[in-house]
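Residue numbers (this note's numbering), protein chains in the order written: chain A, -9 to 278; chain B, -9 to 278.
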């Protein structure tokens, strides 16, 4: 397994693979890998076969963090990530520096962004206004550098996956987006690198997210005619905030493809939730 | 020579070429081809050799026109363009419909744009605020559909070429941008599909653009210490507007790479000009 830090070397390797008709799958990550990420690597291997190449990109992308967010303290551990990737059969880790990725940023000459204006407007886009522009830009860059036939994303970032699928379609990017299911700890907490922040009693309080999804789901399944989204949201907010350190950022119910909010929640409606547990902002989602 | 109208068929052909390691050059145009375009085709052939493939895209892109502009009456003549391309040794004309290019536009689901925020801010970006966003978006799409190693643009659209080079660099697009020189009629008028609009005495008045460039150049060359941009602009505006139907949109002097306006114009400074001749808006540019 190689660890590449240069954009040019990665792109040249990708072009060599392309000339040799080697199938390539990319798993874009911000590192600090967990079993959820590794499940995406397994999925990538199935997609491209034993002769294909899997690239895991590890890059904490500054342009998707707002100044008040956790960019500088986002957990990083490249040597641990490297061991996990090697054991998982990854072929290349692409771990560029900020200077490599935004070569012109320092002298102000980086000035091109990819923006998605519909699916990224709600939920995370409200709470984190510049987030998705950072995501779509860096993901487009990664696609152009690694030139994969498949890119595998996790379902925990449901809106992100929807935005990226839309970008690929709108810009005719020559690859397929695959979304792997959310991985959970045995008690239901969705795996996330940010779970590392959950010290002491916060860890138990973080179960409010997955429990709110389960609660909503069982309510919705018991009411085939639909449940008022407004009512459900306020009930769930109260439910989550029974945990002393939990503060709801949003609870949303929406059509799974368009992300358009619904008034009446039914089986098949999608729910997403964002909650601060102490200072840590966590997200989760599920089909009702 | 093939004429393809389907995005999917074009992209599949491009992918087949890629697998076969066939070099590809793209010449993006809005059609109504003239000798300037054909010079770009010749340049493309030199770049990729006799075994390579040249794709000329012909597409009047709606997203780069403002509602008050000439989108609907922009000149179109696909059968004439087809003959010219065949004679010039083009391999494929890619001439998609709007429905093909913006499949989701009608139901409002097209929502991803590529935006360049620095080089596109001045000059054309002031006069046509949504123009470059349309250009960068459609050009990114064309690159992803045709997958060329080279794309050849004309120098008449100087700012456009600069914006596209920046986009390619910032987004790590795996291709090279080549810029061919402006072609001119024997009296100096820069070739443009819009010259078709110049009826009667307007044709002669349109020489004000190239003459203003020549005038500025000779002034600048005679003053090695530099000439005040402000002074020069107002002199040139008066000079151009001596033509009864000429109205200056802008005259600008700037650094050729950064497009940053200069106060003192010297040899090597770049000048660009946009002028309405009657209702027809023409542009031209030159190095001083």
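Cβ atoms here follow ideal geometry from the backbone N, Cα and C, with glycine treated the same way. Computed from a predicted structure; not experimentally measured.
For residue 212/B, there are no neighbours in chain A by C-beta distance under 9 Å, as the nearest C-beta there is about 33 Å away. For residue 12/A, no pairing in a beta bridge is given by DSSP. If you check the CB distance, residue 21/A and residue 44/A do not come in under 8 Å.
In terms of beta-carbon proximity, residue 100/B lines the interface with chain A, with at least one pair separated by less than 8 Å. Here the C-alpha atom of residue 169/A lies approximately 24 Å from the C-alpha atom of residue 11/A. The distance from the Cβ of residue 203/A to that of residue 263/A is about 7 Å, consistent with a contact at the 8 Å cut-off. Residue state for residue 25/A is assigned as helix, using DSSP reduced to three classes. Every alpha helix (DSSP H) of 4 residues or more that sits fully in the segment 205 to 275 of chain B is shown, in chain order, as 219 to 230. For residue 76/B, same chain residues with a beta-carbon under 8 Å away, outside a window of 5 residues either side, are -9 in chain order. In the DSSP assignment, residue 155/A falls within the unbroken alpha helix (DSSP H) covering 148 to 160. Using a Cβ-Cβ cut-off of 8 Å, residue 41/B does not count as an interface residue toward chain A, since no Cβ of chain A sits closer than that to its own. Residues are counted here when their Cβ sits less than 7 Å from a Cβ of chain B; for the segment 154 to 175 of chain A these are 156, 157, 160, 161, 162, 163, 164, given in chain order. DSSP places residue 141/B inside the beta strand (DSSP E), whose first and last residues are 140 to 144. Residue 111/A sits in coil when the DSSP states are folded into three classes, being neither helix nor strand. Within its own chain, the residues whose Cβ lies closer than 8 Å to the Cβ of residue 82/A, once the five positions on either side in sequence are excluded, are -9, -8, -7, -6, 0, 3, 43, 44, 45, 46, listed in chain order. Using a Cβ-Cβ cut-off of 8 Å, residue -3/A counts as an interface residue toward chain B, since at least one Cβ of chain B sits closer than that to its own. In the three-state scheme derived from DSSP, where H, G and I count as helix and E and B as strand, residue 187/B is classed as helix. A direct Cα-Cα distance of roughly 33 Å separates residue 17/A from residue 109/B. Taking a contact to require three or more Cβ pairs closer than 8 Å, the segment 174 to 192 of chain B and the segment 153 to 169 of chain A do not qualify as touching.
With contacts defined as CB atoms closer than 8 Å, residue 30/A and residue 140/A fail to qualify as a contacting pair. One finds nothing in chain A with a Cβ atom closer than 8 Å to the Cβ of residue 114/B; even the nearest lies about 16 Å away.
Distance from the Cα of residue 5/B is smallest, within the candidate group 87/A, 163/A, 85/A, 56/A, for 163/A. Sequence-ordered contacts of the segment 2 to 13 of chain B with chain A read 4, 5, 8, 9, 11 [C-beta pairs closer than 9 Å]. Secondary structure of residue 199/A (DSSP, three-state): helix. Contact note: residue 134/A reaches chain B through 161, 162, 163, 164, using a C-beta cutoff of 7 Å and chain order.
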